[in-house]
Amino acid sequence: MTRALELARSSLGKVSPNPSVGAVLVKDGRIVGEGVTQHPGGPHAEVMAINSAGDLAAGATLYVSLEPCAHYGKTPPCVEALIAAGIHSAFVATIDPDPRTNGKGIEFLKSEGIDVKIGDGSEEAEEIIESFTKFTMTQQPFFSAKFAMSLDGKIATRTGSSKWITSEESRKRSHVIRSQSDVIMIGVGTAIADNPLLTARTSKNLDSKQPLRLIVDTFGRLPTNSRMLKQAGRTIVASSEINSSTKRSLQNQGADVFEFPRVNEGVDLYAVANFLAAEGFTSVLAEGGSSLLGSLFNCKMVDKVYAFIAPLVIGGSGAKSPVGGLGPKDLSEATTMTKLEYETIGNDFLVTGYIKK
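Position one of the sequence shown corresponds to residue 5 (our numbering), numbered consecutively onward.
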């Protein structure tokens, strides 16, 4: 099952709106086939594992990170392929939250005489499909907020200097988190100040599948010579009041520009979320700046937080914190987190947790 979970994690951010699934077939104590979910419309992990094993699939034991599907979609049900392949038994990490399956795959396999055990690796398996689960249940993307700050909660000095607060090891981990996301979201202020590439680079080269870059830009201020516009992958500018000439200029540089309703001082983020869901994006990684993160927290749209904390004290009343906006009036209204995990990365700490709903 450990290998099945590794395979599932390897395709995060690459197969949405499908869940990322890993499958392994074992026979006579050795792996004879393995597979991961392919792009929508392509084979699921179980079918890839069967194809990998060939005739050796007969009599094998299946280890799979998610319950095999039992419905017809863009592909036939995986349970039928497993029966046809002649598997002997199955270990399933967790049940599929999709109502079209949700236990029906297990029932079908058992009805065909296959011994099925459930639950091994369930915690990690459920974390791997957390964006798929939310998308399935609410038709909304899963939003994560990521930021790097000093021990005293600053993301830059009073002059805006911020490169680099955290270590190279932390920045490498950030690229892994990016690579596992469908969308990287930033505000236009960050885009102008940092002029980032906004790509996922988990090795010396660009990853072959790049997340969508989404710039929240109410008035169309993104410079047409921004470095991100020259990178592989798609860039969307979400605006509310952009003049036609600026819109054409950004489009000429390869950006897709979409206009959304304006709410208070900015773009309607709920409308943006609905748009992303309609496009099939299930996970969004919001990286700032503080105004955007403040708006997302105020709208209660954040599901998960990645907080990188460096052993620095910056100080200064004019230095920004990661989450801006008005904030709550009373401490009892502050956002609280649960399921916290702490990790040392280089000289930094990474705190990961979920927003208590």
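In this text, a Cβ means the ideal position worked out from N, Cα and C, and glycines have one as well.
What residue does the beta strand (DSSP E) around residue 357 start on, and which one ends it?
352-359
Determine the DSSP secondary structure at residue 182, reduced to helix, strand or coil.
Secondary structure at residue 182: helix, using DSSP grouped into helix, strand and coil.
Residue 91 to residue 82, Cα distance in whole Å?
12 Å
Please report the distance separating the alpha-carbon of residue 134 from that of residue 310.
15 Å
Looking at the structure shown, is residue 242 part of a helix, part of a strand, or coil, going by DSSP?
Judged by DSSP in its simplified three-state form, residue 242 adopts strand.
What number of angstroms, rounded off, separates the C-alpha of residue 2 from the C-alpha of residue 317?
Since the first residue shown for the chain is 5 and the last is 361, residue 2 is missing from the structure and cannot be characterised.
Per DSSP, what are the beta-bridge partners of residue 33 in this structure?
According to DSSP, residue 33 bridges with nothing at all.
Using alpha carbons as the reference points, say which of 223, 98 and 255 lies closest to residue 234.
255
Quick check on the DSSP output: the beta strand (DSSP E) that includes residue 217 runs from which residue to which?
216-220
Can you tell which of 181, 5 and 48 has its C-alpha closest to the C-alpha of residue 127?
5
With DSSP as the reference, identify every bridge partner of residue 189, one or two as the case may be.
218 and 290
Three-way DSSP call (helix, strand, coil) for residue 263 in this model
strand
Under the DSSP definition of a beta bridge, which residues are partnered with residue 341?
359
Taking just the CA atoms, how far does residue 46 sit from residue 61?
20 Å
Which residues DSSP lists as bridging residue 149, in chain order:
290 and 309
One question on the structure: do residue 329 and residue 302 come within less than 8 Å of each other, judged by their Cβ atoms?
yes
Of all the alpha helix (DSSP H) runs that stay within the bounds of the stretch 50-132, which reach a length of 4 or more residues?
82-89, 108-115 and 126-132
Are residue 205 and residue 198 close, meaning C-beta to C-beta below 8 Å?
no
Can you have a look at residue 107 and say buried or exposed, based on whether 16 or more other CB atoms are within 10 angstroms of its CB?
Residue 107 counts as exposed, since fewer than 16 other beta carbons sit within 10 angstroms of its beta carbon.
Look at the alpha carbon of residue 345 and the alpha carbon of residue 353, and state the distance between them as a whole number of angstroms.
10 Å
Measuring alpha carbon to alpha carbon, tell me which of 336, 190, 10 and 111 ends up nearest residue 69.
10
What distance in whole Å lies between the Cβ atoms of residue 203 and residue 237, which are believed to be in contact at a cut-off of 8 Å?
Right, the Cβ-Cβ distance comes to about 7 Å (below 8 Å), so this counts as a contact.
Quick test of the definition: if touching needs 3 or more C-beta pairs under 8 Å, does the stretch 158-166 touch the stretch 103-120?
no
C-alpha gap between residue 246 and residue 30, whole angstroms
57 Å
With DSSP collapsed to three states, give me the class of residue 276.
helix
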